[in-house]
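Q: Just passing along the structure, written as structure tokens.
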Ligand SMILES: Cc1cc2nc3c(=O)[nH]c(=O)nc-3n(C[C@H](O)[C@H](O)[C@H](O)COP(=O)(O)O)c2cc1C
């Protein structure tokens, strides 16, 4: 396993290069979530390829509670998707090539066939999606900043499904094209060290300081 030398990272990534504490595959720490997208389109085939990876995520009892609803920039649904986002997210996400809502199937309320883990399972699917997209040279940024009621109404989502997140997907763009207040945040964030995250045995003594925050905000 090689850790990516700084020289191989695109310029805008080098301001805060990520270094894993242990030698993991590069894709885990080189994936990051920009807000600056270029206007280069993502083909439907590439979008479906990323969703194909998501489909192979593990889930409780193989219940596969995920559903994906997507629109591509400029298609008949695009503006309706954008209108569900909050103002903060709409500003930058309007330049993405696609928006994907990830829904969880929470059943009909009578049975608990998924074991109540639908949101957890959908999280695994989102991770597959983001990593597959990264491997294809694409970038994703997940969002919870959207109007869930509006989304449900607009996209005619039945009650048993919950919109867990929406994902902006596209090719990375120029930081300078972002509104000024977002430019300084356009870099890979860091993580809390593993030794403050994973513990052998029981939960560590709370009286000793254990930071909750990551090393750098996202
Ligand atoms: C479920 C979820 C919801 C998120 N919601 C938003 C959001 O509404 N707006 C936003 O700009 N970023 C959002 N993010 C992006 C996170 O802030 C980002 O993933 C985090 O800071 C880690 O950075 P990284 O993805 O570059 O490693 C979200 C990410 C996830 C996974």
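Residue numbers (the working numbering): 288 to 505.
We put the CB at the ideal spot given by N, CA and C, even for glycine.
(1) Is residue 357 closer than 7 Å to residue 387 when the C-beta atoms are compared?
(2) Going along the chain, which residues of its own chain have a beta-carbon closer than 6 Å to the beta-carbon of residue 437, five neighbours each way excluded?
(3) Hey, how far is the Cα of residue 488 from the Cα of residue 465?
(4) Report whether the distance from the Cβ of residue 452 to the nearest heavy atom of ligand 2 is below 6 Å.
(5) Candidates 391, 463, 474, 479: which alpha carbon is nearest residue 453's?
(6) Following a CB-centred definition, is residue 360 positioned closer than 6 Å to any heavy atom of ligand 1?
(7) Is residue 431 near ligand 1 - that is, is its Cβ less than 6 Å away from at least one heavy atom of it?
(8) Excluding the 5 residues flanking residue 338 on each side, which residues of the same chain have their C-beta closer than 8 Å to its C-beta?
(9) Alpha carbon to alpha carbon, what distance is there between residue 462 and residue 511?
(10) For residue 393, which residues from the same chain have a beta carbon less than 8 Å from its beta carbon, with the 5 sequence-adjacent residues on both sides left out?
(11) Does the region 357-368 come close enough to the region 467-481 to have 3 or more Cβ pairs within less than 8 Å?
(12) Can you look up residue 372 in the DSSP assignment and give me helix, strand or coil?
(13) Apply the 10 Å Cβ neighbour rule to residue 321 and answer buried if 16 or more other Cβ atoms are within range, or exposed otherwise.
(14) My parser needs the alpha helix (DSSP H) runs of 4 or more residues fully inside the region 313-365; what are they?
(15) Should residue 376 be counted as a contact of ligand 1 given a C-beta to heavy atom distance under 6 Å?
(16) Using CA coordinates, which residue listed in 490, 491, 485 is at the minimum distance from residue 309?
(17) Just the C-alpha distance for residue 422 and residue 494, rounded to the nearest angstrom, thanks.
(18) Just to confirm the assignment, what range does the beta strand (DSSP E) spanning residue 469 have?
(19) May I have the straight-line CA-CA distance separating residue 384 from residue 428, to the nearest angstrom?
(20) With C-beta atoms as the reference, is residue 456 less than 7 Å away from residue 412?
(21) Can you tell me the Cα-Cα spacing of residue 491 and residue 377, whole angstroms?
(22) Leaving out the 5 sequence neighbours to the left and right, which residues in its chain are closer than 6 Å to residue 299 when beta-carbon positions are compared?
A: On the basis of the supplied data:
(1) Their beta carbons are under 7 Å apart, which means residue 387 touches residue 357 by this criterion.
(2) If we look at residue 437 and ignore the five residues flanking it on each side, its Cβ neighbours are 371.
(3) Put simply, the backbone Cα of residue 488 is about 46 Å away from that of residue 465.
(4) Of the ligands this structure carries, namely ligand 1, none is ligand 2.
(5) Checking every option, the nearest Cα to that of residue 453 belongs to 391.
(6) No.
(7) The answer is yes for residue 431.
(8) Cβ within range, chain order: 355, 357, 387, 416.
(9) Residue numbering for the chain in the displayed model covers 288 to 505; residue 511 lies beyond these limits and cannot be assessed.
(10) Answer for residue 393: 352, 401, 405, 447, 448, 449, listed in chain order.
(11) Cβ pair count under 8 Å is below three, so no.
(12) In the three-state scheme derived from DSSP, where H, G and I count as helix and E and B as strand, residue 372 is classed as strand.
(13) In this structure residue 321 is buried. Its beta-carbon is surrounded by 16 or more other beta-carbon atoms within 10 angstroms.
(14) Counting only runs of 4 or more, we get 313-317, 331-342.
(15) At a threshold of 6 Å, residue 376 counts as near ligand 1, since its beta carbon sits closer than that to one of the ligand's heavy atoms.
(16) The shortest C-alpha separation from residue 309 is found at 485.
(17) Computed Cα separation, rounded: 42 Å.
(18) No beta strand (DSSP E) holds residue 469; the alpha helix (DSSP H) holding it covers 467-470.
(19) In a straight line, the C-alpha of residue 384 is about 12 Å away from that of residue 428.
(20) In this structure, residue 456 lies away from residue 412, with their beta-carbon atoms at least 7 Å apart.
(21) A straight line joining the alpha-carbon of residue 491 with that of residue 377 spans about 41 Å.
(22) Because residue 299 sits at a pLDDT of 47, beneath the cut-off of 50, its placement in the model cannot be relied upon, and the following sentence gives the value as read from the coordinates. Around residue 299: 462.
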